[in-house]
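So the numbering used here is basically just the index in the sequence shown, starting at one, shifted up by 20. Backbone N, C-alpha and C define an ideal beta-carbon position, used for all residues, glycine too.
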Amino acid sequence: MPKGFNGTILRIDLSTKSIEKVTFGEDFFRVYMGGGAIGAYFLLKETEGTLDPLDEHNILTIAPSIVTGCAVSGVSRCSVVALSPLTNAVGEGQAGGNIGPMIKRAGYDAIVIKGKAEKPSYLYINEDEVKIREASHLWSKNIGDVYDLLIEELGEKKLSIIQCGPAGEKMVRFSSLMVDRNNVVGRTGMGAIMGSKNLRAVAVHGDKKIEFSNPENLKMFNRSIKEKLPTAGFPTILQKYGTPGVVSIQAKSGNIATHNFSQGFHQNHEELDGSSYDKKIGAGKTTCFGCVLACRKRVKAETPYKVSDKLGGPEFESLSLLGTNLDITEPTAVSRANELCNEYGLDSISMGAMAAYIFECMDNNLISVDKTQGKKLSFGSPEDVFFLIDLVANRDGIGDVLANGFETAVSHFGEKTAPFAIHCKGQGLPAHMAQVKPSQSLMYAACPIGGDHMSAEHDWFLNNDNEDCKSLGIIGEGNPGSTNLAKVRMTAYTQYFYSLLDTLTLCMFVWGPGSLFSFRDLEDLLRHTTGWQCTLWELMKVGERKTNMMRQINIRRGFTAKDDTLPERLFAPLPDGPSKGASVDRDHFPNMLKSYYSMMGWDMDTGAPTKGKLLELGLDWII
């Protein structure tokens, strides 16, 4: 008998207070496996293309996968999927920590939520006991306070909590979800979805044993990577410093967003590198369930800005978007801004991009001080960032406009401000510069969830000596800066692979190319957990299926190839630094996009998956 999954999905309707445990068979889990694919399945099955994401009929899916819960490093992530209030497209975010394994140990393979509670509520799931509880006493409180209150109220230390913050309650469209104290579902506004449902938190406890096919071989898996870590390159840096350890590496490549994406290098970047600030404000580290990498770093400081060690320190993206992109390189200032975002439940990437938009608009006299309570907000000022975060999270004054995203802000402040709104499909861009990394230009433009840096491998992957690259069938001349067919093929194939990682809810720092496990190790992972004899070919098709399902959701919602665009700023040559002169080639980019559509099996004019592609992937039911 197959192992690794419970065969039960928990379905909750907050409007009717109905709680249902639905059984799904082996074939369902073999096809969809978990994570974002299961979330996309329910959106395609049960939502209309015209549905407002903040409507109670939007479906929120919290899903681990068929391999989640085994004690192997990098196998503990969890995906959250719904229609996005930020992009109006499909939305997905992921977090590590304990929530995924806890859901599996409670006896469920996913939690699917629809409807809207009559009053503020939270879900308590203790294996077979599932209750919708009143949460008025939690409303308006910060993330850390609610976590402490629920731990005390439920009297259970072995509890994992996923919650929106005050920003989610107020339906800020780029609000996030926090998992316990250290992990964030940041992108696409999933916090606002919970807020729209009057749902503050989902608290889960489970002690059930998950049956795996070969537990002894799984233990050997984890032991093997302990031997690899000391000489593993990128994972070794992550274990020592976390993602802050790559700040200087990226900056020296001209690949760190600076001054609202107008530059790729900040001369004071070293102040934000983990190897530098860890000595000053480092406060230990945490790890996700069963993982030896322990890449999540804590920080703590008293001056010049007070930062606690309760909610985890900033990651590379936050250090850029709340740091170099705002011309701030004092580490406690960036850490404080990150902590504010975490306490309120705000996506730090989108918040940093939005702050840069306001600062540059004010620099160009396009927004007057009467819109910002008499304050002139500007680059380089931590206090201005803190002030703006408070306004957005509380929907106060100008914050009420910004809370609805870039398109609302440009409509409100005027089209002349549009060049300073750096986003794709309404989602602020992350730190990596598409001018330097051509593969990111494709992913920012065409990714179903909007501009994202975690949906395909980056350009380093394409070089002639990379056996991992060749083993995915990516053969051809290429280098990190190339824009030829080999680069487009690399982007398409690795998008399938990263989509697979998101379906299996695996961490790319452990399971991605060049990390601790190889592509073929995935076959062993599936065999040791489920007993299935999966080939890499089958698994890559799982990733391709999820990508096409998400693309099809967007097509239903009216998106076309015309929406696969880039901010105008990315076509301008970078003025200085290591990436001086780099830009997205305005004339060549459309050709890259058309080649990408062709390789993906999408219509060249509309960008929609073709009928043949959907049939090939077993998705005939959505045609």
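Straight across, the Cα-Cα distance linking Ala376 with Phe440 is about 8 Å. In this chain, the beta strand (DSSP E) harbouring Glu154 covers 149-154. Taking the C-beta atoms as reference points, Val312 is found no nearer than 9 Å to Asn202. Within the DSSP secondary-structure output, Asp33 pairs in a beta bridge with Ser38, Lys134. Straight through space, the alpha carbons of Leu143 and Lys151 are spaced by roughly 6 Å. Around Met560, the same chain offers Tyr516, Phe517, Leu520 as residues with beta carbons nearer than 7 Å, after the five sequence neighbours per side are excluded. For Asn362, the enclosing alpha helix (DSSP H) has its first and last residue at 351-364. Cα atoms of Ile29 and Lys229: separation of roughly 17 Å, rounded to the nearest angstrom. Our two residues, Phe481 and Cys315, have alpha carbons roughly 22 Å apart in a direct line. When rounded, the separation of the alpha-carbon atoms in Gln553 and Ser233 is 11 Å. For Val430, the enclosing alpha helix (DSSP H) starts and ends at 426-433. Taking the Cα of Ser195 as reference, the smallest distance to any Cα among Asp367, Lys136, Glu147, Thr81 is reached at Asp367.
For Ile145, there is no enclosing alpha helix (DSSP H); the residue is part of the beta strand (DSSP E) that begins and ends at 141-146. Secondary structure note for Arg125: its alpha helix (DSSP H) is the uninterrupted segment 119-125. Looking from the CA of Phe537, the closest CA among Pro255, Asp583, Glu588, Cys98 belongs to Pro255. With a 10 Å radius around the Cβ and a threshold of 16 neighbouring Cβ atoms, Met122 comes out buried.
Put simply, of Pro458, Lys139, Ala60, Leu346 the residue whose alpha carbon is nearest the alpha carbon of His473 is Pro458. Taken in chain order, the whole beta strand (DSSP E) runs of length 3 or more contained in the segment 204-263 are 219-225. Met198 sits in a strand when the DSSP states are folded into three classes.
In the three-state scheme derived from DSSP, where H, G and I count as helix and E and B as strand, Pro587 is classed as coil. Between the segment 602-609 and the segment 86-95 there are fewer than three inter-stretch CB-CB distances shorter than 8 Å, so the stretches are not counted as touching. Under the Cβ criterion (8 Å, minimum of three pairs), the segment 120-137 counts as touching the segment 69-84. By the neighbour-count criterion, in which 16 or more other beta carbons inside 10 Å mark a residue as buried, Thr208 falls on the buried side. A direct Cα-Cα distance of roughly 20 Å separates Asn26 from Val562. Contact annotation: Ile494 and Ala506 have beta-carbon atoms nearer than 9 Å. Within the same chain, Tyr52 come within 6 Å of Tyr61 by CB-CB distance, once the 5 residues on both sides are set aside. If you ignore the 5 residues before and after Lys395, its C-beta comes within less than 8 Å of the C-beta of Val389, Asp404, Phe407, all in its own chain and listed in chain order. The three-state reading of DSSP puts Leu492 in coil, since its state is none of H, G, I, E or B.
In this chain, Val604 is not harboured by any alpha helix (DSSP H), its DSSP state being neither H nor E. Taking the Cα positions, Phe579 is about 29 Å away from Ala413. If the five residues before and after Gly55 are omitted, its C-beta is found closer than 6 Å to the C-beta atoms of Ala83, Ser85, Ser99, Asp522, Thr523, Thr525, all from its own chain and listed in chain order.
Counting only residues of its own chain and dropping the five nearest sequence neighbours on each side, Lys631 has a CB closer than 8 Å to the CB of Ile643.
Per the C-alpha coordinates, the member of Leu179, Asn574, Leu634 positioned closest to Gly111 is Asn574. With respect to the 9 Å criterion, Ala102 and Ala155 are not classified as neighbours on the basis of their beta carbons. Counting only residues of its own chain and dropping the five nearest sequence neighbours on each side, Pro593 has a CB closer than 6 Å to the CB of Gly601, Ser603.
Assignment of Arg193 by DSSP, reduced to helix, strand and coil, places it in the coil class.
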